[in-house]
Amino acid sequence: MSLHPVTVNIPTKLYTRIKRRAAQAHRSVEDEMLEAIAAIPFEERLPDELEEAVANLKFLDNDSLWRAARRRLPAEISEQLEQLHLKQQSVGLTETEMQTRDHLIQQYEKNMLVRAEAAVLLKQRNADISQLLHDQ
Numbered sequence: 003m004s005l006h007p008v009t010v011n012i013p014t015k016l017y018t019r020i021k022r023r024a025a026q027a028h029r030s031v032e033d034e035m036l037e038a039i040a041a042i043p044f045e046e047r048l049p050d051e052l053e054e055a056v057a058n059l060k061f062l063d064n065d066s067l068w069r070a071a072r073r074r075l076p077a078e079i080s081e082q083l084e085q086l087h088l089k090q091q092s093v094g095l096t097e098t099e100m101q102t103r104d105h106l107i108q109q110y111e112k113n114m115l116v117r118a119e120a121a122v123l124l125k126q127r128n129a130d131i132s133q134l135l136h137d138q
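Following our numbering, the numbering of the sequence shown begins with 3 at its first residue and continues without gaps.
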């Protein structure tokens, strides 16, 4: 990967926030800024994996959509993601742990997208989705 140096003048208040986040995550300010920049969505299209996850939902019957809208991430995945988050805040993560965290976040995002899209489709079919707000 080739690198391109860029000089950016940012307000002190913003720099202080970035520096504080970097310190909490045991990372450099540069790494924290690169992660923030990388998180900016540059295209409106979903990644292929997420696109595929929701593409066929519109063909499901209402019962299947209700199941999709209520689907929860398995507890062990949620717990592992939480443990990695806490470790990142306290001592930082190894490269392998960061890759694991990123993979778990992708699973979480995919699950949330499917749930949200299923709820939208149910609403479009005139279903009362208010109970989804109260499901545990």
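Ideal placement from N, C-alpha and C gives every residue a C-beta, glycine not left out.
Could you tell me which of the options sits nearest to residue i, measuring between CA atoms?
i           : options         : result
residue 24  : 94, 125 and 130 : 94
residue 79  : 89, 102 and 91  : 102
residue 121 : 97, 73 and 22   : 73
residue 31  : 43, 16 and 96   : 16
If you run the structure through DSSP and keep just helix, strand and coil, what is residue i?
i           : result
residue 78  : helix
residue 4   : coil
residue 65  : helix
residue 130 : coil
residue 105 : helix
residue 32  : helix
Check whether the Cβ of residue i lies closer than 8 angstroms to any Cβ atom in chain D.
i          : result
residue 90 : Of the protein chains in the structure, only one exists, and it is not chain D.
Taking the CB atoms as reference points, tell me whether residue i and residue j lie closer together than 8 angstroms.
i           : j           : result
residue 134 : residue 71  : yes
residue 64  : residue 127 : yes
residue 85  : residue 106 : no
residue 75  : residue 108 : no
residue 112 : residue 55  : yes
Measure how close the beta-carbons of residue i and residue j come, nearest whole angstrom, since I'm counting them as under 8 angstroms.
i           : j          : result
residue 124 : residue 67 : 5 angstroms
residue 59  : residue 99 : With 8 angstroms as the limit, residue 59 and residue 99 do not qualify as a contact, their Cβ atoms being about 33 angstroms apart.
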